[in-house]
Amino acid sequence: MTPTPVSARRCGLAEAADLGRTPVDVTAVLDHLVAQADTAAPTSVGFPGAVDLDHREVMARLGHRLWNNIGDPTDVGGTAHTRVLEQAVIAWLADTLAMPADDRWGYVTTGGTEGNLSALHTARRRLPTARIYYSTAAHYSIPKIIDMLGARGVAVEAGVDGEMDYAHLAVRVRRHRRWPAIVVATAGTTMTEAVDDTTRIHTILNEHQVPGRHVHVDAALSGIPLALDGRLRLDDDSGVGSIAVSGHKFLGVPTPCGVVLIRDSLRRQAAPVAYTATLDSTITGSRCGLAAALLWHAIATHGREGHRWRVSEARRLATYTVDQLTAAGWPAWRHPHAFTVVLATPPPAVRAKWLLATDADISHLICMPGVTQGQIDAFVTDLTDTTTPAGDPDPGDPHLPRPIPRPRRAPAPAAGIGTP
Ligand SMILES: Cc1ncc(COP(=O)(O)O)c(C=O)c1O
1 MTPTPVSARR CGLAEAADLG RTPVDVTAVL DHLVAQADTA APTSVGFPGA VDLDHREVMA
61 RLGHRLWNNI GDPTDVGGTA HTRVLEQAVI AWLADTLAMP ADDRWGYVTT GGTEGNLSAL
121 HTARRRLPTA RIYYSTAAHY SIPKIIDMLG ARGVAVEAGV DGEMDYAHLA VRVRRHRRWP
181 AIVVATAGTT MTEAVDDTTR IHTILNEHQV PGRHVHVDAA LSGIPLALDG RLRLDDDSGV
241 GSIAVSGHKF LGVPTPCGVV LIRDSLRRQA APVAYTATLD STITGSRCGL AAALLWHAIA
301 THGREGHRWR VSEARRLATY TVDQLTAAGW PAWRHPHAFT VVLATPPPAV RAKWLLATDA
361 DISHLICMPG VTQGQIDAFV TDLTDTTTPA GDPDPGDPHL PRPIPRPRRA PAPAAGIGTP
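Residue 420, in the UniProt record's numbering, is where the sequence shown stops; the numbers in between run on with no holes.
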């Protein structure tokens with residue numbers, strides 16, 4: 001007798017996908033996953049994945065086989081790899097960041113986290129006794145990486161707008177001035193999209209005459225937009241040694257990935273691996289060639305001007321969002337360069353429907369390219385419908401927004417990062 005297939009429609013997804021039960025109704029499980037993601041998409045505005053680019057051509061042409069860019073992107077051996085596309089991506093991003101052509105190296109990573117790891121590993125090999133400074137608004141991967149490297153981390157406070165507190169950095173550097181300094185600046189902090197000013201960081205390191213330095217920029221979200229603006233530069237004057245960006249954020253690549261760029265002169269020669277005939281210069285050995293092809297396609301099909309237009313449309317919608325929330329009496333603000341709108345945390349009923357990112361009294365939504373004005377209008381309507389009491393407002397009503405911490409000064413346009 002043929003056993004009845006387990007249907008994901010009739011029972012829970014986990015039960016349907018349980019490989020201990022045979023046969024598994026594979027089609028039903030995949031249908032269920034797609035339907036779940038499709039249903040959630042219109043209200044998922046809290047995390048920074050662009051949804052306006054069409055990657056189907058690459059997925060259809062390359063998605064059915066393994067593309068392994070094992071080793072260094074400049075390695076030439078093997079066949080089923082996309083290293084030539086990877087090198088084109090590296091060159092495009094390095095050019096956009098004005099990185100000197102004779103002093104650049106990079107590769108396509110699994111994401112911003114691996115980029116940070118690769119850059120900080122490189123910096124620490126050159127400066128093994130360095131203290132690694134990072135702000136409390138830095139991504140959680142930074143203290144984790146410091147721990148993995150067995151390095152000494154020094155946490156620096158951040159302001160309510162998310163930018164590093166430079167006065168506190170100066171206090172911390174003064175205390176550890178006998179040691180070289182590796183400083184992680186963030187271009188686009190996770191909660192508020194704040195941008196740390198590398199010029200001010202260098203001034204502080206100069207004042208305390210630290211014996212060696214490396215400034216790394218974690219630019220997972222904002223690296224490409226700010227580079228397209230010309231506001232984020234890795235030229236000779238910048239003093240920036242490395243940068244990491246994510247590929248699934250601004251470029252919306254449908255698999256987690258990223259790019260790390262490091263000044264070539266700051267690296268040590270990588271060891272050759274005989275049996276793969278490659279250089280062991282990357283964190284992982286096997287590397288996803290499909291991700292490199294997807295990044296290349298996203299860049300090739302839009303060019304710098306196309307991507308600049310995407311940036312300005314996303315910022316226009318973010319401005320609109322702040323205006324709509326403010327008009328509705330809901331506290332909200334954004335940095336002038338940001339896609340991220342910081343707002344007072346909505347009540348649970350709204351958060352149950354809308355996927356925001358929340359940290360206590362503060363939440364954010366991100367107007368990534370592809371988010372529409374219709375979605376923003378629907379969100380503001382849900383918020384006001386839930387929080388506008390019928391009759392006279394009761395000041396003790398828990399649905400009313402509480403004031404949120406705001407930057408002391410008006411958030412300034414990101415300027416100075418990577419400029420002398
Ligand atoms: C500032 C920052 N750095 C690093 C990361 C990690 O990026 P990934 O998820 O690509 O590893 C993120 C992700 O949100 C981030 O916001």
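All C-beta atoms in this analysis are idealised placements derived from N, C-alpha and C, irrespective of residue type, glycine included.
Please read these numbers as outputs of a predicted model, since none were measured by experiment.
With a threshold of 7 Å, the Cβ atom of P256 counts as near ligand 1, since some heavy atom of the ligand is closer than that. Taking 8 Å as the cut-off, the beta carbon of T110 is found closer than this to the beta carbon of P256.
Taken in chain order, the whole beta strand (DSSP E) runs of length 3 or more contained in the stretch 256-289 are 258-262. Secondary structure at T321: helix, using DSSP grouped into helix, strand and coil. Comparing C-alpha distances from P128 to each of Y107, G112, L228 and I182 shows the shortest one belongs to I182. Rounded to the nearest whole angstrom, the CA to CA distance from T358 to T345 is 7 Å. By alpha-carbon distance to D361, the top candidate from I204, R21, L343 and T321 is L343.
If you draw a straight line from the Cα of G241 to the Cα of D323, it comes to about 38 Å. When DSSP states are grouped into helix, strand and coil, G230 belongs to the coil group. Under the rule that a run must span 4 or more residues, the alpha helix (DSSP H) segments found entirely inside the stretch 34-67 read 56-62. D218 has its Cβ nearer than 7 Å to a heavy atom of ligand 1.
Nearest to R65 by C-alpha distance, out of A293, R308 and T387, is A293.
Between ligand 1 and the CB of H139, the shortest heavy atom gap is smaller than 7 Å. Within its own chain, the residues whose Cβ lies closer than 6 Å to the Cβ of L53, once the five positions on either side in sequence are excluded, are G252 and A298, listed in chain order. Bounds of the alpha helix (DSSP H) holding T386 are Q373 to T387. Checking the DSSP bridge columns, you'll see H364 partnered with V342 and A357. Approximately 18 Å separates the beta-carbon atoms of L221 and G106; this is outside 8 Å, ruling out the contact. Taken from the Cβ of N69, every heavy atom of ligand 1 lies 7 Å or farther away.
Annotation for G188 indicates a beta carbon within 7 Å of some heavy atom of ligand 1. No residue range can be given for T189, since it is assigned to no beta strand (DSSP E) and is classified by DSSP as neither H nor E. 8 Å or more divides the Cβ of V380 from the Cβ of L295.
Residue pairing by DSSP places A158 opposite M164 in a beta bridge. Burial state of N206 is exposed, judged by a 10 Å Cβ sphere holding fewer than 16 other Cβ atoms. With fewer than 16 other beta carbons inside 10 angstroms of its own, E305 counts as exposed.
The Cβ-Cβ distance between V108 and V89 falls below 8 Å. Fewer than three Cβ pairs drawn from the stretch 271-279 and the stretch 130-147 lie within less than 8 Å of each other, which leaves the two stretches out of contact. DSSP, read as helix, strand or coil, puts A170 in helix. Assigned with DSSP and collapsed to three states, T109 falls in strand. Burial is judged here by how many other beta carbons sit within 10 angstroms of a residue's own beta carbon; D161 has at least 16 and is buried.
When distances are taken from the beta-carbon of T136 to the heavy atoms of ligand 1, even the shortest one reaches 7 Å or more. Assignment of beta-bridge partners to P369 by DSSP yields V371.
Within the DSSP secondary-structure output, D218 pairs in a beta bridge with T186 and A244. DSSP places W330 outside both helix and strand once states are collapsed to three, so it counts as coil.
Given a length threshold of 3 residues, each whole run of the beta strand (DSSP E) inside the stretch 85-149 is given here in chain order: 105-109 and 131-135.
G63 has its CB no nearer than 7 Å to any heavy atom of ligand 1.
By DSSP's assignment, R152 forms a beta bridge with R131.
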